[in-house]
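2 protein chains.
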Amino acid sequence: MERTPSHPQVSQFNLQQVLEALVDPVRRSIVAQLDAADEDIACGAFDIAVSKSTATHHFKVLREAGLIRQHYVGTSRMNTLRRAEMDEVFPGLLDALTTPQAQGR
Amino acid sequence: MERTPSHPQVSQFNLQQVLEALVDPVRRSIVAQLDAADEDIACGAFDIAVSKSTATHHFKVLREAGLIRQHYVGTSRMNTLRRAEMDEVFPGLLDALTTPQAQGR
DNA sequence: ATAAAAGTACGACGCTCGTCAAACTTTGAT
DNA sequence: ATCAAAGTTTGACGAGCGTCGTACTTTTAT
Chain A
1 MERTPSHPQV
11 SQFNLQQVLE
21 ALVDPVRRSI
31 VAQLDAADED
41 IACGAFDIAV
51 SKSTATHHFK
61 VLREAGLIRQ
71 HYVGTSRMNT
81 LRRAEMDEVF
91 PGLLDALTTP
101 QAQGR
Chain B
106 MERTPSHPQV
116 SQFNLQQVLE
126 ALVDPVRRSI
136 VAQLDAADED
146 IACGAFDIAV
156 SKSTATHHFK
166 VLREAGLIRQ
176 HYVGTSRMNT
186 LRRAEMDEVF
196 PGLLDALTTP
206 QAQGR
């Protein structure tokens with residue numbers, strides 16, 4: 001188990017990869033839950049209807065796209081939305097997706 | 106050949122479908138070219154590196170998602186970006202993707 | 001009338017993606 | 001020491017997507 005996963009730098013953010021991450025509804029739900037929360041959230045604490053191994057996959061895709069940052073606390077892996085960094089590179093993108101307007105569709 | 110294809114109404118726009126349309130680089134390129142132009146563009150006049158049948162497929166996906174409007178002029182099928190309508194439903198989304206900032210990544 | 005131009009429709013093919021179960025690893029609690 | 005909790009890894013499977021070529025349709029030009 002890799003305990004210190006690599007995160008891309010802001011300079012490496014790539015639109016194609018970010019969109020591929022955000023096109024999946026489960027992953028978009030994860031992003032929305034992180035955006036709505038004001039604390040980090042453990043992988044197992046999300047409201048998603050998939051198995052643990054599938055969840056691991058989704059978190060990996062989000063992390064590698066630069067959307068979330070992960071770090072361990074005990075056996076739990078905590079997740080943070082890299083909001084400011086994403087906004088810096090793709091201004092307006094996360095706003096457009098986390099709006100209640102968009103959420104409703 | 107269907108000469109009057111159906112276009113979704115604004116009330117039917119769906120985020121999942123729009124993102125699935127925009128995640129493909131060829132389709133995003135079509136949207137970008139339409140956004141940059143100030144006139145309608147015929148299907149055959151786009152700078153895309155795929156066959157005609159594949160192009161037809163991409164235009165269909167964009168149309169059914171509500172991103173473009175199509176109408177015939179002779180044998181040519183003209184395409185228009187439904188910018189205002191998209192902005193109304195998903196404010197900021199197209200802006201975020203057509204920014205030179207985002208284009209460069 | 002004939003032919004060219006512009007797309008469309010239809011299969012078909014490969015590849016990727018989301019999904020899961022099972023086995024494993026690491027940490028923390030008893 | 002043991003055991004439970006939380007994720008990860010691996011391999012597999014099925015579905016869907018992007019792609020193409022070929023045949024077809026509709027319109028326009030000759």
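Listed in order, the protein sequences are those of chains A and B. With the working numbering applied, the first sequence covers 1 to 105. With the working numbering applied, the second sequence covers 106 to 210. Just so it is clear, CB atoms sit at the ideal spot from N, CA and C, and this is done for glycine as well. Everything numeric in this text was worked out from a predicted model, so none of it was measured.
{"Item": "Q122 (chain B) versus R188 (chain B) - alpha carbon distance", "Value": "16 Å"}
{"Item": "Short Cβ contact (9 Å threshold) for D24 (chain A) with V61 (chain A)", "Value": "yes"}
{"Item": "Alpha helix (DSSP H) segment containing S181 (chain B), residue limits", "Value": "Premise fails: S181 (chain B) lies in the beta strand (DSSP E), S181 to L186, not in any alpha helix (DSSP H)."}
{"Item": "Buried versus exposed call for V194 (chain B) [16 or more other C-beta atoms within 10 Å across all chains shown]", "Value": "buried"}
{"Item": "Nearest neighbour of H112 (chain B), chosen from B:G179, B:G171, B:V178 and B:E190 [CA to CA]", "Value": "B:G171"}
{"Item": "Beta-carbon proximity list for H176 (chain B), same chain, < 6 Å, skipping 5 on both sides", "Value": "M183"}
{"Item": "Outcome for D95 (chain A) when other beta-carbon atoms lying within 10 angstroms are tallied against a minimum of 16", "Value": "buried"}
{"Item": "Own chain residues within Cβ distance below 7 Å of R132 (chain B), not counting five before or after", "Value": "A126, H163, V166 and L167"}
{"Item": "Closest by C-alpha distance to D47 (chain A), when choosing among A:S76, A:A32, A:D38 and A:E39", "Value": "A:A32"}
{"Item": "Neighbourhood of R3 (chain A) by C-beta distance below 8 Å, restricted to the same chain and skipping five residues each side", "Value": "Y72"}
{"Item": "Outcome for A49 (chain A) when other beta-carbon atoms lying within 10 angstroms are tallied against a minimum of 16", "Value": "exposed"}
{"Item": "Residues near E169 (chain B) in its chain [Cβ-Cβ closer than 6 Å; skip 5 each side]", "Value": "none"}
{"Item": "Nearest residue (CA-CA) to S76 (chain A), options A:G44, A:G104 and A:A102", "Value": "A:G44"}
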